[in-house]
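K.L.:
Going line by line, the protein sequences match chains A and B. Residue 1 is where the first sequence starts when you use my numbering, and the numbers rise one by one after that. Residue 114 is where the second sequence starts when you use my numbering, and the numbers rise one by one after that. Have a look at this one before I ask anything.
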Amino acid sequence: EAAVTQSPRNKVAVTGGKVTLSCNQTNNHNNMYWYRQDTGHGLRLIHYSYGAGSTEKGDIPDGYKASRPSQENFSLILELATPSQTSVYFCASGEGGVYAEQFFGPGTRLTVL
Amino acid sequence: GDSVTQTEGLVTLTEGLPVMLNCTYQTIYSNPFLFWYVQHLNESPRLLLKSFTDNKRTEHQGFHATLHKSSSSFHLQKSSAQLSDSALYYCALSATGGYKVVFGSGTRLLVSP
Chain A
1 EAAVTQSPRN
11 KVAVTGGKVT
21 LSCNQTNNHN
31 NMYWYRQDTG
41 HGLRLIHYSY
51 GAGSTEKGDI
61 PDGYKASRPS
71 QENFSLILEL
81 ATPSQTSVYF
91 CASGEGGVYA
101 EQFFGPGTRL
111 TVL
Chain B
114 GDSVTQTEGL
124 VTLTEGLPVM
134 LNCTYQTIYS
144 NPFLFWYVQH
154 LNESPRLLLK
164 SFTDNKRTEH
174 QGFHATLHKS
184 SSSFHLQKSS
194 AQLSDSALYY
204 CALSATGGYK
214 VVFGSGTRLL
224 VSP
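Shown next, in the form of structure tokens:
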């Protein structure tokens, strides 16, 4: 089974500060995703990647950047954090193909004060 | 764009009663792939079942769902709810071929004794 890890697991940041959320997967999946989870909105896609060096905008990319330096690692960067970005963030990985299962990491709870 | 609608935010049931969680979708593509993910408390989402075949019942872990393209629906059912079924359930759609998955807003199922 795919192993997806995230760090940190919890983060408190100040408004205007820079936040980097990291994700690592050990199953050699090509695709990786960043979602945020909010009550009433479900899982919303922020950025995704098809492989090392690629990043694509998801449905809610504003205020977020992504970086995929290697097959294993995918980072989400908040350059200027705002309280509206307080949420639980999930990273996921999956093989290519529309029928592929996504494997989720444990999540990062981010609070922006 | 593609969308998924889960009309119930919360479903409460007594143990032993049947479960039905509604899911409808919208897409212009004729061959959508539908998924149900389940997320237990303090865990990350994981795949419960998936389908792309019209009018074919798919089963896993006591749950079943049938994709009906005529009504754009993929409802999740179980004959008898168990306490351990209490969780957040997401219906999801993949249709564009770009490996993006659109999630619904989720339905929380609470099963009581």
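All C-beta atoms, glycine included, are put in the ideal place defined by N, C-alpha and C.
Can you give the beta carbon distance from VAL132(B) to ALA194(B), rounded, assuming they're within the 8 Å contact cut?
P.N.:
Translated into the one-based positions of the second sequence, residue 132(B) becomes position 19. Translated into the one-based positions of the second sequence, residue 194(B) becomes position 81. 5 Å between Cβ atoms; contact.
K.L.:
For SER67(A), which residues from the same chain have a beta carbon less than 6 Å from its beta carbon, with the 5 sequence-adjacent residues on both sides left out?
P.N.:
Within the first sequence, the letter at position 67 stands for residue 67(A). The answer, listed in chain order, is SER75.
K.L.:
Under the DSSP definition of a beta bridge, which residues are partnered with GLU156(B)?
P.N.:
Counting from one through the second sequence, the residue named residue 156(B) turns up at place 43. In the DSSP output, where bridge partners are listed per residue, GLU156(B) has none listed.
K.L.:
DSSP beta-bridge partners for SER197(B)?
P.N.:
Numbered from its first residue, the second sequence carries residue 197(B) at position 84. The partner list for SER197(B) (beta bridge, DSSP) is empty, contrary to what the question assumes.
K.L.:
Taking DSSP as the reference, what is the three-state secondary structure of SER84(A)?
P.N.:
Locating residue 84(A) in the first sequence gives position 84, where the first residue counts as 1. Note: SER84(A) maps to helix in three-state DSSP.
K.L.:
What ranges does the beta strand (DSSP E) occupy inside the segment 27-55 of chain A, keeping only unbroken runs of at least 3 residues that lie completely in it?
P.N.:
You should have 31-38, 42-49.
K.L.:
Relative to the alpha-carbon of THR111(A), which residue among SER87(A), MET32(A), CYS91(A) has its alpha-carbon at the smallest distance?
P.N.:
Numbered from its first residue, the first sequence carries residue 111(A) at position 111. The residue with the shortest Cα to Cα distance from THR111(A) is SER87(A).
K.L.:
Got a sec: is the Cβ-Cβ distance from PHE104(A) to anything in chain B below 9 Å?
P.N.:
If you number the first sequence from 1, residue 104(A) lands on position 104. Interface residue, yes.
K.L.:
Strictly below 8 Å CB to CB, what residues from chain A border SER186(B)?
P.N.:
In the second sequence, the residue the question calls residue 186(B) occupies position 73. In chain order: nothing, as chain A lies at least about 18 Å away.
K.L.:
Comparing the C-beta of SER218(B) with each C-beta of chain A, is any distance below 9 Å?
P.N.:
Translated into positions along the second sequence, residue 218(B) becomes position 105. So yes, SER218(B) belongs to the interface.
K.L.:
Around the Cβ of LEU134(B), are there at least 16 other Cβ atoms within 10 angstroms (buried) or fewer (exposed)?
P.N.:
Counting from one through the second sequence, the residue named residue 134(B) turns up at place 21. Classification of LEU134(B): buried, given that the 10 Å Cβ count is 16 or more.
K.L.:
Just to check my reading of the structure: ALA205(B) and VAL214(B) have Cβ atoms closer than 8 Å, yes? What is that Cβ distance to the nearest angstrom?
P.N.:
Indexing the second sequence from 1 puts residue 205(B) at position 92. Indexing the second sequence from 1 puts residue 214(B) at position 101. 5 Å between Cβ atoms; contact.
K.L.:
Exposed or buried, what is ILE46(A) when buried is set at 16 or more other beta-carbons lying within 10 Å of its beta-carbon?
P.N.:
Translated into positions along the first sequence, residue 46(A) becomes position 46. With 16 or more other Cβ atoms within 10 Å, it is buried.
K.L.:
Let me make sure I understand the geometry here. Which of ASP59(A), GLY16(A), PRO83(A), TYR89(A) has the alpha-carbon closest to that of GLU156(B)?
P.N.:
Taking the first residue of the second sequence as 1, we reach residue 156(B) at position 43. Answer by Cα proximity: TYR89(A).
K.L.:
Could you have a look at ARG170(B) and say whether DSSP puts it in helix, strand or coil?
P.N.:
As a first step, residue 170(B) is located in the second sequence; it is residue number 57 there, counting from the start. ARG170(B): strand per DSSP, three-state reduction.
K.L.:
Given a limit of 9 Å on CB to CB distance, which residues of the segment 44-56 of chain A reach chain B?
P.N.:
The segment 44-56 of chain A vs chain B, Cβ under 9 Å: ARG44, LEU45, TYR48, TYR50, GLU56.
K.L.:
Using 8 Å for Cβ pairs, my map puts SER207(B) next to TYR138(B). What's the rounded Cβ distance?
P.N.:
Here residue 207(B) refers to the residue found at position 94 when the second sequence is read from its first residue. Here residue 138(B) refers to the residue found at position 25 when the second sequence is read from its first residue. Going by Cβ atoms, the distance from SER207(B) to TYR138(B) rounds to 10 Å, so no, they are not a contact pair.
K.L.:
Does the beta carbon of ASP62(A) sit closer than 9 Å to a beta carbon anywhere in chain B?
P.N.:
Sequence index remark: in the first sequence, residue 62(A) carries index 62 (1-based). Taking Cβ atoms only, chain B never reaches closer than 9 Å to ASP62(A), which makes this a no.
K.L.:
Are there 16 or more other CB atoms within 10 angstroms of the CB of ASP198(B), so buried, or fewer, so exposed?
P.N.:
Mapped onto the second sequence, residue 198(B) falls at position 85. It counts as buried.
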